[in-house]
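Numbering (the working numbering), first residue to last: 45 to 324.
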């Protein structure tokens with residue numbers, strides 16, 4: 045099953061009052077680069093040698109940000125912004141690798157459905173943890189992709205802490221919109237839906253007052269990957285709750301043949317600027 049229609053999707057859902065408040069939040073600009081399961085800790089941002097070991101620095105003994113979050117997106121993004129501004133910034137470069145899967149779609153296993161042409165029936169997920177110190181609040185990140193050709197079958201999503209940051213299909217009608225309209229990946233919301241070729245797109249989430257760019261090939265085509273996001277995207281994701289382990293997940297989806305759920309190997313580094321909130 046193949047199809048290719050490129051489009052741009054602009055996520056909305058933020059009223060003008062929230063938009064005005066969000067624009068008043070001062071963004072702390074740090075650097076966001078590629079990530080993987082093994083982190084290279086580069087120490088305090090702008091402080092001394094970049095090779096300084098910070099693995100023993102304040103391993104999350106401060107306040108729990110989750111206790112401060114209110115459920116109001118404007119307030120919670122403000123809490124994250126102030127936390128990033130008022131805490132000592134640290135930096136980690138994490139290499140992330142999503143190897144070519146050893147198998148393809150596991151039909152009728154783990155919540156997957158049986159084969160059905162032109163329906164999203166099965167997925168394969170690969171999750172990679174960043175393994176930052178406990179309680180780390182990520183303030184910004186920057187991707188650095190290797191020069192590599194990316195190929196997938198049939199569709200894919202890339203998530204950061206379950207928020208969709210890139211996809212080859214517009215799932216905005218199926219997935220729940222969280223802070224600033226960012227979509228939360230849930231397989232149960234996608235499983236079994238009709239594959240509407242008009243929804244095929246280079247999906248790059250857009251939010252008011254911030255910039256994002258996403259480059260990757262369409263279905264059944266080879267091409268390069270490049271992702272770049274404003275710090276507000278990261279802060280919006282953090283405002284949804286700080287998990288025990290930050291992670292990226294690659295999800296590939298198929299409908300009916302033996303090659304579905306495949307993708308070529310993907311490697312990138314992510315430079316993460318984060319803080320460990322200080323105890324009161």
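Using N, Cα and C, we set each Cβ at its ideal position, and we do this for glycine too.
Contact under 8 Å by Cβ, residue i with residue j
{"i": "residue 131", "j": "residue 280", "result": "no"}
{"i": "residue 282", "j": "residue 181", "result": "yes"}
{"i": "residue 316", "j": "residue 138", "result": "yes"}
{"i": "residue 146", "j": "residue 291", "result": "no"}
{"i": "residue 253", "j": "residue 261", "result": "no"}
{"i": "residue 303", "j": "residue 197", "result": "yes"}
Whole-angstrom distance between residue j and residue i, CA atom to CA atom
{"i": "residue 123", "j": "residue 107", "result": "12 Å"}
{"i": "residue 90", "j": "residue 319", "result": "Interpretation of residue 90 is limited by its pLDDT of 35, a score under 50 that renders its predicted location unreliable; the figure taken from the coordinates is listed afterwards. Approximately 14 Å, taken between the alpha carbons."}
{"i": "residue 126", "j": "residue 226", "result": "21 Å"}
{"i": "residue 237", "j": "residue 164", "result": "6 Å"}
{"i": "residue 293", "j": "residue 314", "result": "14 Å"}
{"i": "residue 200", "j": "residue 296", "result": "4 Å"}
{"i": "residue 255", "j": "residue 285", "result": "22 Å"}
{"i": "residue 114", "j": "residue 287", "result": "16 Å"}
{"i": "residue 217", "j": "residue 109", "result": "31 Å"}
{"i": "residue 101", "j": "residue 140", "result": "Low confidence applies here, because residue 101 scores a pLDDT of 34, under 50, leaving its location unreliable; read the following figure in that light. So the alpha carbons of these two residues sit roughly 23 Å apart."}
{"i": "residue 158", "j": "residue 239", "result": "15 Å"}
{"i": "residue 85", "j": "residue 136", "result": "The predicted model places residue 85 with a pLDDT of 37, which falls under 50 and marks its position as unreliable, so this point remains unresolved."}
{"i": "residue 212", "j": "residue 152", "result": "23 Å"}
{"i": "residue 206", "j": "residue 174", "result": "14 Å"}
{"i": "residue 312", "j": "residue 177", "result": "21 Å"}
{"i": "residue 249", "j": "residue 241", "result": "19 Å"}
{"i": "residue 243", "j": "residue 203", "result": "19 Å"}
{"i": "residue 263", "j": "residue 162", "result": "14 Å"}
{"i": "residue 228", "j": "residue 257", "result": "19 Å"}
{"i": "residue 81", "j": "residue 208", "result": "For residue 81, the pLDDT reaches just 37, beneath the cut-off of 50, and the residue's location in the model is therefore unreliable, leaving the point undetermined."}
{"i": "residue 129", "j": "residue 191", "result": "34 Å"}
{"i": "residue 245", "j": "residue 160", "result": "22 Å"}
Integer Cβ distance of residue i from residue j, believed to fall under 8 Å
{"i": "residue 187", "j": "residue 271", "result": "5 Å"}
{"i": "residue 223", "j": "residue 120", "result": "7 Å"}
{"i": "residue 221", "j": "residue 247", "result": "So it is not a contact: roughly 13 Å between Cβ atoms."}
{"i": "residue 269", "j": "residue 259", "result": "7 Å"}
Residue i beta carbon near the ligand SAH (any heavy atom closer than 7 Å)
{"i": "residue 301", "result": "Only the bare structure without any ligand can be found here, which leaves the ligand SAH out of the picture."}
Paired residues, beta bridge with residue i - DSSP
{"i": "residue 313", "result": "188"}
{"i": "residue 297", "result": "167, 199"}
{"i": "residue 117", "result": "Residue 117 is not bridged to any residue."}
{"i": "residue 244", "result": "213"}
{"i": "residue 237", "result": "Answer is none; residue 237 lacks a bridge partner."}
{"i": "residue 306", "result": "197"}
{"i": "residue 173", "result": "291"}
{"i": "residue 318", "result": "182"}
{"i": "residue 139", "result": "313"}
{"i": "residue 220", "result": "228"}
{"i": "residue 256", "result": "273"}
{"i": "residue 24", "result": "Past the boundaries of the shown model lies residue 24; the chain is included only from 45 to 324, so the question cannot be answered."}
{"i": "residue 267", "result": "194"}
Closest Cα partner of residue i within the set the options
{"i": "residue 156", "options": "300, 254, 206", "result": "300"}
{"i": "residue 233", "options": "241, 240, 219, 242", "result": "219"}
{"i": "residue 133", "options": "192, 184, 244, 307", "result": "184"}
{"i": "residue 150", "options": "144, 142, 169, 136", "result": "169"}
{"i": "residue 193", "options": "208, 118, 143, 136", "result": "143"}
{"i": "residue 154", "options": "235, 245, 306", "result": "235"}
{"i": "residue 179", "options": "269, 152, 189, 289", "result": "289"}
{"i": "residue 306", "options": "116, 195, 202", "result": "195"}
{"i": "residue 117", "options": "276, 312, 231", "result": "276"}
{"i": "residue 231", "options": "167, 250, 257", "result": "167"}
{"i": "residue 309", "options": "298, 189, 251, 258", "result": "189"}
{"i": "residue 298", "options": "129, 148, 229", "result": "148"}
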